[in-house]
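Asks: Residue numbers (my numbering): 287 to 1094. Glycine included, each C-beta is placed from N, C-alpha and C at the ideal position.
1. Can you grab the Cα-Cα spacing for the pair residue 1088 / residue 589, in whole Å?
2. Suppose you measure from the CA of residue 439 to the CA of residue 706; what does that come to, to the nearest Å?
3. Does the distance from the CB of residue 348 to the CB of residue 381 come in under 8 Å?
4. Three Cβ pairs or more, each shorter than 8 Å: is that satisfied between the stretch 489–499 and the stretch 512–531?
5. Rounded to the nearest angstrom, how far is the Cβ of residue 983 from that of residue 972, given a contact under 8 Å?
6. One question on the structure: do residue 1058 and residue 1081 come within less than 8 Å of each other, judged by their Cβ atoms?
7. Between which two residues does the beta strand (DSSP E) holding residue 1091 run?
8. Going by the CB atoms, is the gap between residue 568 and residue 234 shorter than 8 Å?
9. Is it buried or exposed for residue 514, if we count other Cβ within 10 angstroms and need 16 for buried?
10. Please check the pair residue 432 and residue 470, which I expect to be a contact at CB under 8 Å, by giving their CB distance rounded to whole angstroms.
11. What is the DSSP secondary structure of residue 758, reduced to helix, strand or coil?
12. Would you check if the distance between the CB atom of residue 1075 and the CB atom of residue 1033 is smaller than 8 Å?
13. Could you say which of 525, 677, 663, 1037 lies nearest to residue 692 if we only look at CA atoms?
14. Using beta-carbon positions only, say whether residue 594 and residue 578 come within less than 8 Å of one another.
15. Per DSSP, residue 730 forms a beta bridge with which residues?
16. Do residue 758 and residue 768 come within 8 Å of each other at the CB atom, strictly closer than that value?
17. Who pairs with residue 973 in a beta bridge, going by DSSP?
18. Are the stretch 632–641 and the stretch 608–615 touching by the rule of at least three beta carbon pairs closer than 8 Å?
19. Beta-carbon within less than 8 Å of residue 448's beta-carbon, same chain only, minus the 5 sequence neighbours each way: which residues are those?
20. Does residue 994 pass the burial test, meaning 16 or more other C-beta atoms within 10 Å, or should it be called exposed?
21. Shortest alpha-carbon distance to residue 598 belongs to which of 501, 420, 408, 461?
22. Excluding the five sequence neighbours on either side, which residues of its own chain have a C-beta within less than 6 Å of the C-beta of residue 733, listed in chain order?
23. Here's the rule: buried if 16 or more other CB atoms are within 10 angstroms of the residue's CB, otherwise exposed. What is residue 952?
24. Let me know the secondary structure DSSP gives residue 354 once reduced to three states.
25. Relative to the C-alpha of residue 1072, which candidate in 824, 788, 1083, 1046 has its C-alpha closest?
26. Is the separation between the beta-carbon of residue 417 and that of residue 394 shorter than 8 Å?
27. Exposed or buried, residue 527, counting other C-beta atoms within 10 Å across all chains shown (16 or more means buried)?
28. Assuming residue 1059 is part of the beta strand (DSSP E), what are its boundary residues?
29. Taking the alpha-carbon of residue 544 as reference, which of 968, 504, 562 has the nearest alpha-carbon?
30. Does residue 572 come out as helix, strand or coil in the three-state DSSP assignment?
31. Answer with buried or exposed for residue 563, where buried requires no fewer than 16 other C-beta atoms within 10 angstroms of its C-beta.
32. Can you say whether residue 576 is buried or exposed, counting buried as having 16 or more other CB atoms within 10 angstroms of its CB?
33. For residue 724, which three-state DSSP category applies?
34. Between which two residues does the beta strand (DSSP E) containing residue 1051 stretch?
35. Would you tell me roughly how many angstroms separate the C-alpha atoms of residue 363 and residue 1090, rounded to the nearest one?
36. Ends of the alpha helix (DSSP H) at residue 372?
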């Protein structure tokens, strides 16, 4: 592309002009523009006519011919001379020299309403808004004509904290706060430098008189090689998009079929916007946003994003977001179908991606998300609160860093469907957090060798269908999942079990019923009402309960059950009578000693705590054994086993007061080493010190983990096999304090061991150098970082040291 440096066509002596004019007059030419409709031989030209003739000779109009002159102090208002030059140069190229040209009234907007090309001398040609403090903000340029080309100059909206108020240019619409308004079709802009926009530095949107956007207009615009800085710095009211500071370097508000390429924004309140609700779509190529800011006074006003996409169908190629104060990229729900290719987000304070609408993306890198604090934010947040996210397609997602809570987290209840392929997923809490609404989402990673894995959470998953697992070997006793096959092979059913081998029961136990086999159903007599045959023999000293009888002597012996004795009944010394004593008037006064069936509320003495004998256990003893009367009992080795088939049993330890909560004390080596407590207090799980006074590790229901000590990774911290190096830091000596010409720079260095020229650098001043200056840092040589401070317009930057961060 051609850059126009000065008035190269008008640097020859004035006699060249006169000769040209004489030649034109001799030919009787009729120019197509200017204040004189036709030249005739012998005509005496006015100053305006001479300027017109010069424009005809050289094909360009010099703005100085109409009284435009530089004044960095802004004592001169260039509004009228610029408007006069724009009118005179209609149909031609209007060239501005190096300098600062101030617009000093609240109505100084330069309206471009007819065909023209406007050029300057690069960033050293500056148009500066300088309306009175407290006045309503308005655009510097408002381009309404089609086919306009503007290039090679800078514009400074000069918005500072509180110096201007909400715009009335488009009624009450906040679009009037845009510094450079593009409304006309087929606009071309390149080599433009915007700074200090009240709202957006560049806004692409055709507007009605009331300020409403015209959907899909303007069309076929082209912007390339654009640099913006500190945009959105005006104080908006809540009625005009605020409250507070918000605005982007470039905002495509409603433009369609356009191309935006090679654009860089630095330290604006939003990097770039493809706006919502007015048919905005374009092709974005090579867009970089550095250090977007959040309005600290209004942190929830929407500032801080590297890129906001609110409209569908746009494509973004080679987009880089560096160190945003908020989230890297927010793709809103109406922006479904957005296409990304080669998207990189470095060290966002919050999420890398916040997706409320489905995207198609390839080669996405998220580096050190949640930089504001460990476990604060996920790399990729799938937010279905506004509607479904489908179909989602992310290929080659690469996640690194050790601060993010999850690699992929889903919120909301609407369906989420699609595929994400990535490197191994990680997270402080867990690699993923996905609900049942994400059942249609497949995660494909290198750790799964390309096989789709389900969307169940690793922590406390809720499984559906018929989950399966490998069957453990019989006899296994570990935390391995027990399948139904394992249970069936390890234990006999309680109903009609079939035993094999030698069956052994503990001493003193019994088997109800009787033993049998398929081939000998009567081998053994039942315990209930057996009928013996042959000669019945019992061991010496044993007894048979009940009574003996025979068919011929039914009354030979008295029955043991309810016998009626006659005469004198004698029993041996030391013997006892089984059953119970009774009388005709009190048949149930006493219970039998053997297997009594007690009624009412039987009582017994309560055994001493810790008793382990055949003594009857009362309910008081049982409760004391479970609760310990406020203190747990002592255990040797052993385990608690849930013998139910539903696996729903649980052991509950409760406390009557939340002062110390419910806890388990664990002491090693017989109490000679310090104890630790595992405690639940105020809803939080904690590990507590030996004195049971201070939590050294706590976990809330929300998953927030806190530890009072350092978390040490022995051997270094790695992600996916790659070592994560720390950010290198340093500070320069003071830079600035001396006058700089427009476009001039001064610099200083900081020695930072380990830095190399392949590393990225972030620099920030300890003291703000003032408006109209920009700065950057880079590794100029191994171990040395150079910070350069440059002036947009002539001035003196405040002297300041610069803090430097080097990304390894």
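Replies: Taking the definition as stated:
1. Straight-line Cα distance between these residues: approximately 25 Å.
2. Rounded to whole angstroms, residue 439 to residue 706 spans 44 Å at the Cα level.
3. In this structure, residue 348 places its C-beta atom within 8 Å of the C-beta atom of residue 381.
4. Too few Cβ pairs lie closer than 8 Å, so no.
5. Indeed they touch by this definition, with Cβ atoms about 7 Å apart.
6. Using a Cβ distance threshold of 8 Å, residue 1058 and residue 1081 count as a contacting pair.
7. From DSSP, the beta strand (DSSP E) with residue 1091 extends over 1088–1093.
8. As displayed, the chain neither begins before 287 nor continues past 1094, which places residue 234 out of reach and without an answer.
9. Counting Cβ neighbours within 10 Å, residue 514 comes out buried, since at least 16 surround it.
10. Contact check for residue 432 and residue 470: beta-carbon distance about 5 Å, within the 8 Å limit, so the pair qualifies.
11. When secondary structure is reduced to three states using DSSP, residue 758 falls in the coil class, being assigned neither helix nor strand.
12. Closer than 8 Å, so yes.
13. Selected option, being the one with the closest Cα: 663.
14. Taking 8 Å as the cut-off, the Cβ atoms of residue 594 and residue 578 do not count as close.
15. Among the bridge pairs identified by DSSP, residue 730 is matched with 707.
16. The criterion of a C-beta distance shorter than 8 Å is satisfied by residue 768 and residue 758.
17. Looking at the DSSP assignment, residue 973 forms a beta bridge with 964, 983.
18. Yes, they touch.
19. Take residue 448, set aside five residues on each side of it, and the residues of its chain with a beta-carbon closer than 8 Å to its own are 521, in chain order.
20. By the 10 Å Cβ count, residue 994 comes out exposed.
21. It is 501.
22. At residue 733 the pLDDT is 46, less than 50, meaning the model places this residue with poor confidence and gives no usable figure here.
23. With fewer than 16 other Cβ atoms inside 10 Å of its own Cβ, residue 952 counts as exposed.
24. Correct three-state label for residue 354: coil.
25. Per the Cα distances, 1046.
26. Less than 8 Å separates the beta-carbon of residue 417 from that of residue 394.
27. Around the Cβ of residue 527, a 10 Å sphere holds 16 or more other Cβ atoms; the residue is buried.
28. Unbroken beta strand (DSSP E) run through residue 1059: 1059–1067.
29. Here the closest residue by C-alpha is 504.
30. For residue 572, the secondary structure class from DSSP, reduced to helix, strand or coil, is strand.
31. Counting C-beta atoms within 10 angstroms of its own C-beta, residue 563 has fewer than 16 neighbours from the protein chains shown and is therefore classed as exposed.
32. Taking a 10 Å sphere around the C-beta of residue 576, we find 16 or more other C-beta atoms and assign the residue as buried.
33. Note: residue 724 maps to helix in three-state DSSP.
34. Per DSSP, residue 1051 belongs to the beta strand (DSSP E) from 1046–1051.
35. Those two C-alpha atoms are separated by around 40 Å.
36. Taken as a continuous stretch (DSSP letters only), the alpha helix (DSSP H) holding residue 372 covers 365–374.
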